[in-house]
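Protein chains: 2
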Amino acid sequence: MILVESDTLLAYGAINQKVSKNEMIFLEGSEPHYFFQVLEGEVKMISLNQDGKELIQGIFKSGQCFGEPPLFVDKPYPSSAVAIVDSIILKMSKKNLLALLDDKPSIAIKLLEIFALRIYNKALSAQILSNNNPEEKILGFLNMVKGDMGVENQTKIPYTRQQIADSTGLCVETVIRTLLKLNNEHKVEIKHHKIYY
Amino acid sequence: MILVESDTLLAYGAINQKVSKNEMIFLEGSEPHYFFQVLEGEVKMISLNQDGKELIQGIFKSGQCFGEPPLFVDKPYPSSAVAIVDSIILKMSKKNLLALLDDKPSIAIKLLEIFALRIYNKALSAQILSNNNPEEKILGFLNMVKGDMGVENQTKIPYTRQQIADSTGLCVETVIRTLLKLNNEHKVEIKHHKIYY
DNA sequence: CGCTCGTTTGAGAGGACTCAAGGTAGGTGG
DNA sequence: CCACCTACCTTGAGTCCTCTCAAACGAGCG
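Residue numbers (our numbering), protein chains in the order written: chain V, 192 to 388; chain E, 192 to 388.
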């Protein structure tokens, strides 16, 4: 779901920004000042734990906005945002966002829907992360991903094994071994290292 | 943070409902029709995994609303709501909630803030659940709880060990043994079985 | 061809979970 | 005041399985 077309954002003072692969957009613990939207490319939100292990909190693609919640709660970012590939993002100051929401209540409602969807997905994520059976974790994750893609039939999963590991709290090797098992049980299909579910 | 006073809800057609301890308010997988708010008592949102293990997604106390996100995304409940103690809740139809938000944009903004806070907390929860060091899990949880209570100094943690286990994805025994260790390391304090942090 | 990024395989150790049994505290009723 | 009940907390022993570490393979691209 898309909040607003980029034209409207630009009319409200948003600006373009190029970010290269692996470049950080904002850092866990810092103060939020901007609203962001992906114009082109792909952005991940990650948290690092004390051992340096990465947790993927979400991946945002073209049209999706990200990093707004802390703007509304006056708290520092709980995660960092990093470009996965060379990307172009729009950024708009908090003040302008509030002005936009004030001018157009329908956008506020739409943002409510986006937030609601994110809460829904985070409830699913919590179930995935709390499960200590790797098979269920991975199947749960694949289901969630398909739900987000709005797909019913078998489809290629656009995640690397490392990304699945970082999203489910497993290590890569366990993801690989579990995917093999799921393949043998015909619960997923692996062709040329690509995952179909 | 409180969304609206109960008077306003009642004016918009909300009704009172008594629920006894352990009574279910809505069931994981069912269709959402109502907006809820706790008047008195305490309500938990839980998901059950395939082994029947319970995950606490959140606990809501007097004044707090719960179970709204699925109303906005047209999806079934990802969790069940259960009263922890005898409680009184307000319930209002989805239609009336939308009318209320339409009439009073300031409430829509407030709901945005509540959603934002919930996303923030769920980001913290994800970090806690994905961590596989029990000490960090529990300390992370205790920090989150204190943040919610708005307390800085050492305070009594109003959770049972079982509830901490169900919130962090650990088993009770591990929670107990880890709390003992944290007590010895002077990172928490245990007096008469009560936890202070 | 040679890099880079992602995937795979193996061996070993650690530690959280499970199961079983008992202990403690606070409330209720006789 | 005591006995009892319920809900919660505690301890011990053993197994399983995920993580870690190390090394190598595969594929895509300039």
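Cβ atoms here follow ideal geometry from the backbone N, Cα and C, with glycine treated the same way.
Source: prediction; values computed, not measured.
- DSSP lists V:250, V:273 as the beta-bridge partner residues of residue 235 (chain V).
- Judged by their CB atoms, residue 221 (chain E) and residue 260 (chain E) are not nearer to each other than the 9 Å cut-off.
- Under the DSSP assignment, residue 311 (chain E) falls in the alpha helix (DSSP H) whose first and last residues are 296 to 321.
- Cα atoms of residue 363 (chain V) and residue 352 (chain V): separation of roughly 6 Å, rounded to the nearest angstrom.
- Under a criterion of Cβ atoms nearer than 8 Å, the residues of chain V adjacent to residue 317 (chain E) are, in order, 238, 246, 248, 313, 316, 317, 320.
- Only residues of its own chain outside the window of five on either side were considered, and among them 245, 246, 247, 248, 270, 271, 273 have a CB closer than 7 Å to the CB of residue 237 (chain V), listed in chain order.
- Within 10 angstroms of the beta-carbon of residue 258 (chain E) lie 16 or more other beta-carbons, which makes it buried.
- Near chain V, meaning a CB-to-CB distance below 7 Å, the residues of the segment 330 to 362 of chain E are 360.
- Put simply, the CB of residue 264 (chain E) is near chain V, with a gap under 9 Å to one of its CB atoms.
- Proximity of chain V to residue 222 (chain E) at the Cβ level (cut-off 8 Å) is not reached, the minimal Cβ distance being about 14 Å.
- For the segment 322 to 384 of chain E, the continuous alpha helix (DSSP H) assignments of 4+ residues that do not extend past its boundaries occur at 325 to 340, 352 to 359, 363 to 375, in sequence order.
- Under a 10 Å Cβ-count criterion, residue 262 (chain V) is classified as buried, with 16 or more other Cβ atoms of the shown protein chains found around its own Cβ.
- In the DSSP assignment, the residues bridged to residue 280 (chain V) are V:208, V:229.
- Out of V:303, V:279, V:348, V:235, the CA that lies nearest to the CA of residue 264 (chain E) is found in V:303.
- Membership of residue 215 (chain E) in the beta strand (DSSP E) is indicated by the continuous run 215 to 217.
- For residue 241 (chain V), the residues of chain E that pass the 7 Å Cβ criterion are 327, in the order they occur in the chain.
- Interface flag for residue 368 (chain E) against chain V is unset, since no Cβ pair is found closer than 9 Å.
- In this structure, the beta-carbon distance from residue 225 (chain V) to residue 283 (chain V) falls below 9 Å.
- When the Cα atoms are used, residue 379 (chain V) and residue 368 (chain V) turn out to be separated by approximately 13 Å.
- Beta-bridge partners of residue 386 (chain E) (DSSP): E:381.
- Close CB contacts of residue 317 (chain V) within its chain, under the 7 Å cut and outside five residues either way in sequence, are absent.
- Taking a C-beta cut-off of 8 Å against chain V, the contacting residues of the segment 255 to 286 of chain E are 259, 260, 261, 262, 263, 264, 266, 269, 270, listed in chain order.
- Rounded to the nearest whole angstrom, the CA to CA distance from residue 254 (chain V) to residue 285 (chain V) is 19 Å.
- Between the alpha carbons of residue 206 (chain V) and residue 315 (chain E) lies a distance of about 30 Å.
- Closest in alpha carbon position to residue 228 (chain V), among V:354, V:326, V:292, V:200, is V:200.
- In this structure, the CA atom of residue 327 (chain E) is about 42 Å from the CA atom of residue 291 (chain E).
- Nearest C-alpha to residue 366 (chain V) among V:338, V:324, V:343: V:324.
- Counting along the chain, the unbroken alpha helix (DSSP H) around residue 260 (chain E) starts and ends at 260 to 264.
- In chain order, 260, 306, 309, 310, 313 make up the part of chain E whose C-beta sits under 8 Å from the C-beta of residue 310 (chain V).
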